[in-house]
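Chemist: Numbering (this note's numbering), first residue to last: -16 to 346.
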């Protein structure tokens, strides 16, 4: 049987920037080059012969020594850092054609420097998943599913998903983190026997972290197959759906999941202009009403009208509805009266590991 090659984008971690070697920099403008040249000139004032600068072509060849990153970051704008290209080489070597795929933005280099802890987290497999219960509104005591939520582990305790994802975006490690999070969700769900208790597992994924579903998602499907979890027990949930700018590509991803027998959910409906428009294009199995829409819905007539209309549309299309972010009994009661199918929120259970086995709150 043919062995599937590792994807260099999402299954391989970037090499660490060495303490020694040579840094090649290409600047987008002469003005940007001038600012960087002044900074580099100060850093290498005691050995200017080690610094190579080309004013006409706007490039610099710099020894990797000391702290280059903070002074450059302070001198250049974010946009300039994004458009400045960088390549580092080991001592005694010069770039060849094979090295140019490793050229990245200066912003990414700086992000990698500040996100070394995240690379260690990934390489040491210290990502895990907490689970938040999802209940039926017809029987609040019945847990029908668990949503897997990303967490990291270090010596100080638990690392929040916001910190992990923020660093991943800065260092362009979102592909690696998203894949690791999906695998963690499946691994921890199996460890806690969630699918074998008759519950579904909601697994988040970020569409922007997937190039070609036929290849990029194959490793996730293989991972699920190795665990023996029935595909119908897994629901893949699109995060950041309000930022989708390529609906055709996203539908291709969802078609791949559906074709493999998985459920699909659309997150944060009601949080942006595009949410309702995505319903007829993506045709999900579940829609999650945004927590900002649900918060205080029992006291806000405008929110109530918007939420009720979303529910009516979903019901006509045969889509299961889920209200997230429920924090009060009044919100839950409104959700039940509105005919929403499922509910999730701190009132019913905070994310936890091991997952909740029962709901403490009773309506």
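In this text, a Cβ means the ideal position worked out from N, Cα and C, and glycines have one as well.
Residues in its own chain within less than 6 angstroms of residue 348 by CB, not counting five upstream and five downstream?
Modeler: Past the edges of the chain, shown from -16 to 346, lies residue 348, and the structure says nothing about it.
Chemist: Can you give the Cα-Cα distance for residue 171 and residue 266, rounded to whole angstroms?
Modeler: Start at 1 with the first residue of the chain shown, and residue 171 comes out as number 188. Start at 1 with the first residue of the chain shown, and residue 266 comes out as number 283. Between residue 171 and residue 266, the C-alpha separation is close to 29 angstroms.
Chemist: Pairs of beta-carbons, one from the stretch 309 to 326 and one from the stretch 118 to 138, closer than 8 angstroms: are there three or more?
Modeler: Verdict: yes, contact present.
Chemist: Helix, strand or coil: which one does DSSP assign to residue 225?
Modeler: Locating residue 225 in the chain shown gives position 242, where the first residue counts as 1. Confidence at residue 225 is low in this model, with a pLDDT of 46, below 50, so the placement of that residue should be treated as unreliable; the coordinate-derived value is given next. Here residue 225 sits in helix by DSSP.
Chemist: Cα separation between residue 58 and residue 220?
Modeler: The residue labelled residue 58 in the question sits at position 75 within the chain shown. The residue labelled residue 220 in the question sits at position 237 within the chain shown. Distance between the alpha carbons of residue 58 and residue 220 is about 41 angstroms.
Chemist: For residue 54, which residues of its own chain have a beta-carbon under 6 angstroms away from its beta-carbon, when the five flanking residues on both sides are left out?
Modeler: As a working mapping, residue 54 is identified with position 71 in the chain shown. For residue 54, where only same-chain residues beyond five positions count, the Cβ hits under 6 angstroms are 22.
Chemist: In angstroms with no decimal places, state the Cα-to-Cα distance between residue 61 and residue 90.
Modeler: For the purposes of this step, residue 61 is taken as the residue at position 78 of the chain shown. For the purposes of this step, residue 90 is taken as the residue at position 107 of the chain shown. Rounded to the nearest angstrom, the two C-alpha atoms are 7 angstroms apart.
Chemist: Give every residue of the same chain whose Cβ lies closer than 7 angstroms to the Cβ of residue 294, excluding the five residues on either side of it in the sequence, and list them in chain order.
Modeler: In the chain shown, residue 294 corresponds to position 311, counting from 1. The residues are 304, 321, 322 and 323.
Chemist: Find the nearest neighbour of residue 342 within the set 115, 75 and 237, judged by alpha-carbon distance.
Modeler: Indexing the chain shown from 1 puts residue 342 at position 359. Among 115, 75 and 237, the Cα nearest to that of residue 342 is on 115.
Chemist: Please name the residue, chosen from 242, 243, 264 and 310, that lies closest to residue 229 on a Cα-to-Cα basis.
Modeler: As a first step, residue 229 must be located in the chain shown, where it is residue number 246. Selected option, being the one with the closest Cα: 264.
Chemist: Helix, strand or coil: how does DSSP classify residue 183 here?
Modeler: In the chain shown, counting from the first residue as 1, residue 183 sits at position 200. Correct three-state label for residue 183: strand.
Chemist: Using beta-carbon positions only, say whether residue 169 and residue 327 come within less than 8 angstroms of one another.
Modeler: Along the chain shown, read from residue 1 onward, the residue named residue 169 stands at position 186. Along the chain shown, read from residue 1 onward, the residue named residue 327 stands at position 344. Taking 8 angstroms as the Cβ cut-off, residue 169 and residue 327 do not qualify as a contacting pair.
Chemist: Answer with buried or exposed for residue 24, where buried requires no fewer than 16 other C-beta atoms within 10 angstroms of its C-beta.
Modeler: In the chain shown, the residue the question calls residue 24 occupies position 41. Residue 24 comes out exposed.
Chemist: Can you list, in chain order, the residues of its chain with a C-beta nearer than 6 angstroms to that of residue 279? Leave out the 5 residues immediately preceding and following it.
Modeler: Position 296 of the chain shown holds residue 279. Closer than 6 angstroms at the Cβ level, and outside the excluded window around residue 279, lies no residue.
Chemist: Can you confirm whether the stretch 142 to 162 touches the stretch 95 to 103 when touching is taken to mean that 3 or more C-beta pairs between the two stretches lie within less than 8 angstroms?
Modeler: Segments in contact, yes.
Chemist: Between which two residues does the alpha helix (DSSP H) holding residue 54 run?
Modeler: Looking up residue 54 in the chain shown gives position 71. 52 to 58 is the extent of the alpha helix (DSSP H) around residue 54.
Chemist: Can you name, in chain order, every residue of its own chain whose Cβ lies under 6 angstroms from the Cβ of residue 160, other than the five neighbours on each side?
Modeler: On the chain shown, residue 160 is found 177 positions in, with the first residue counted as 1. 151, listed in sequence order.
Chemist: Considering Cα atoms alone, identify which of 11, 35 and 40 is closest to residue 64.
Modeler: To locate residue 64, count along the chain shown from 1; it is residue 81. Residue 64 has its Cα closest to that of 11, out of 11, 35 and 40.
Chemist: Starting from residue 356, follow the alpha helix (DSSP H) in both directions and report where the run begins and ends.
Modeler: The question about residue 356 has no answer, for the chain in this structure spans -16 to 346.
Chemist: Let me know the alpha helix (DSSP H) ranges lying completely inside the stretch 269 to 326, each 4 residues or longer, listed in chain order.
Modeler: Taking only runs of at least 4 residues, the alpha helix (DSSP H) segments lying wholly in the stretch 269 to 326 are 274 to 277, 284 to 299 and 312 to 320.
Chemist: Expressed to the nearest angstrom, what Euclidean distance is found between the alpha-carbon atoms of residue 236 and residue 246?
Modeler: Position 253 of the chain shown, counted from the start, is the residue given in the question as residue 236. Position 263 of the chain shown, counted from the start, is the residue given in the question as residue 246. One C-alpha to the other measures close to 12 angstroms.
Chemist: Can you find the residues in the same chain that come closer than 6 angstroms, C-beta to C-beta, to residue 73, ignoring five residues on each side of it along the sequence?
Modeler: Counted from its first residue, the chain shown places residue 73 at position 90. Excluding positions up to five away in sequence, the list reads 4.
Chemist: Assuming residue 112 and residue 167 make a contact with CB atoms under 8 angstroms, what is their CB distance in whole Å?
Modeler: Taking the chain shown and counting its residues from 1, one reaches residue 112 at position 129. Taking the chain shown and counting its residues from 1, one reaches residue 167 at position 184. About 5 angstroms; that satisfies the 8 angstroms criterion.
Chemist: Three-state secondary structure (DSSP) at residue 42?
Modeler: Here the question's residue 42 lines up with position 59 in the chain shown. DSSP places residue 42 in strand when its eight states are reduced to three.
Chemist: Compute the Euclidean distance between the alpha carbons of residue 144 and residue 187, then round it to the nearest angstrom.
Modeler: Translated into positions along the chain shown, residue 144 becomes position 161. Translated into positions along the chain shown, residue 187 becomes position 204. Cα-Cα distance, rounded: 12 angstroms.
Chemist: For residue 105 and residue 71, what's the separation of their Cα atoms in angstroms?
Modeler: The residue given as residue 105 occupies position 122 in the chain shown. The residue given as residue 71 occupies position 88 in the chain shown. Going from the Cα of residue 105 to the Cα of residue 71 covers about 22 angstroms.
Chemist: Would residue 270 be called buried (16 or more neighbouring beta carbons within 10 Å of its own) or exposed?
Modeler: Within the chain shown, numbered from 1, the residue matching residue 270 stands at position 287. It is buried - the Cβ of residue 270 has at least 16 other Cβ atoms within 10 Å.
Chemist: What is the rounded straight-line gap between the Cα of residue 234 and the Cα of residue 241?
Modeler: By one-based count along the chain shown, residue 234 stands at place 251. By one-based count along the chain shown, residue 241 stands at place 258. Approximately 10 angstroms, taken between the alpha carbons.
Chemist: Are residue 147 and residue 133 close, meaning C-beta to C-beta below 8 angstroms?
Modeler: Translated into positions along the chain shown, residue 147 becomes position 164. Translated into positions along the chain shown, residue 133 becomes position 150. Yes, the Cβ-Cβ distance between residue 147 and residue 133 is below 8 angstroms.
Chemist: If you measure from the beta carbon of residue 67 to each beta carbon in chain C, is any gap under 8 angstroms?
Modeler: Of the chains in the structure shown, none is chain C; there is only one protein chain.
Chemist: Return the CA-CA distance between residue 93 and residue 52, expressed in angstroms with no decimal places.
Modeler: Numbered from 1 along the chain shown, position 110 holds the residue referred to as residue 93. Numbered from 1 along the chain shown, position 69 holds the residue referred to as residue 52. Those two C-alpha atoms are separated by around 6 angstroms.
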